[in-house]
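Asker:
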Amino acid sequence: MPLSDLPPGELPGERLLGHGAAVLSDAELLAVLLRTGRTGEHVLDLARGIVAQFREEGLAAILRMPVAEFARIPGIGGAKAATVLAALELGRRAYAGTRGMPHLNEAADVMTLLSARCHAERREHFFVLPLSAKNELLMLADVSTGTLTNALVHPREVFEPAIRCGAAHVIVAHNHPSGDPTPSAEDHRLTRSLYEAGKLLGIPVTDHVVVARNGFFSFAEEGLM
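Going left to right, the sequence shown walks through residues 158 to 382 as this note's numbering numbers them.
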């Protein structure tokens, strides 16, 4: 059932235009994006159900889901999933812009940056963090998504964003969904490979940080870089 079935004064879109987005509930904002429900379910009820589903982790958890998984929620589908994910990502970027890009001076700063993003993640993600000469983060690139225990990455995927934004050096990081930050033998091998590639390209890889629920591991701070 569409929003147009509501009385004019109760339409979330009209309330937004008349009074601002802040007066709308999470479900009403989501209903504006979804526009229509499904057979036998009003769009506001669909939106309320989704808000309830993500109450514990917050709607930002949708950004950490595979797109196909979100689209499989009854009543969503590909087009609605794309609209919602685009709106959430735009909001995340706008919020990040108001704070300015952080400076990453030590591995703990990387942990702080990525811990919320990876908290509920069930698969490994590999991140590239290109930095200026003053350690200011220039961008955050999620270049690979893998399985519960592995995220495959190629050096060109690491250095392409660093070259694109003129980075002075780069930190790489990935999460361990298991909660244990201890690096695997493959983590050690990949770190050596990226370190050598960075020397050849003139963009040093200055750290590889493994983040997990139970802490983090820094190759640089452990003297392994």
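In this text, a Cβ means the ideal position worked out from N, Cα and C, and glycines have one as well. The model shown is predicted, which means the values in this text are computed figures rather than measured ones.
Could you pull the DSSP bridge partners for Ala330 from this structure?
Answerer: Phe284 and Val366
Asker: Tell me the rounded alpha-carbon separation between Glu214 and Ala277.
Answerer: 8 Å
Asker: Whole-angstrom Cβ separation of Ser289 and Leu297, contact assumed at under 8 Å?
Answerer: Contact flag wrong, Cβ pair sits at about 14 Å.
Asker: Kindly indicate the opening and closing residues of the alpha helix (DSSP H) around Asp344.
Answerer: Ala342 to Leu358
Asker: Helix or strand or just coil, what does DSSP make of Gly235?
Answerer: helix
Asker: My understanding is that Val200 touches Leu191, with C-beta atoms under 8 Å, so please give their C-beta distance in whole angstroms.
Answerer: 5 Å
Asker: With 16 as the cutoff for other CB atoms within 10 Å, does Ser341 come out buried or exposed?
Answerer: exposed
Asker: Would you identify the three-state DSSP class for Ala394, choosing helix, strand or coil?
Answerer: Nothing about residue 394 can be read from this structure; the chain reaches only from 158 to 382.
Asker: Counting beta carbon pairs with one atom in the segment 343 to 352 and one in the segment 244 to 253, are three or more of them shorter than 8 Å?
Answerer: no
Asker: What does DSSP give as the partner residue(s) for Gly323 in the beta ladder?
Answerer: Note: Gly323 sits in no beta bridge, so no partner.
Asker: What three-state label does DSSP hand Phe374 in the structure shown?
Answerer: strand
Asker: Using C-beta distances below 8 Å, list every residue in its chain close to Glu246, excluding the 5 sequence neighbours before and after it, in chain order.
Answerer: Leu220
Asker: Kindly indicate the opening and closing residues of the alpha helix (DSSP H) around Val267.
Answerer: Looking at the DSSP string, the run of the alpha helix (DSSP H) that includes Val267 is Ala264 to Cys275.
Asker: Are the CB atoms of Pro338 and Phe283 within a distance shorter than 8 Å?
Answerer: no
Asker: Among residues of its own chain, excluding the 5 on either side of Ala319, which ones have a beta-carbon nearer than 6 Å to its beta-carbon?
Answerer: Pro287, Val327 and Ile360
Asker: DSSP three-state call for Gly212: helix, strand or coil?
Answerer: Looking at the sequence itself, residue 212 is Arg, so the reference to Gly does not match. DSSP places Arg212 in coil when its eight states are reduced to three.
Asker: Asn332 and Leu271 look like a contact to me (Cβ under 8 Å); what is the Cβ gap, rounded to whole Å?
Answerer: The C-beta distance from Asn332 to Leu271 rounds to 7 Å, short enough to fall under 8 Å.
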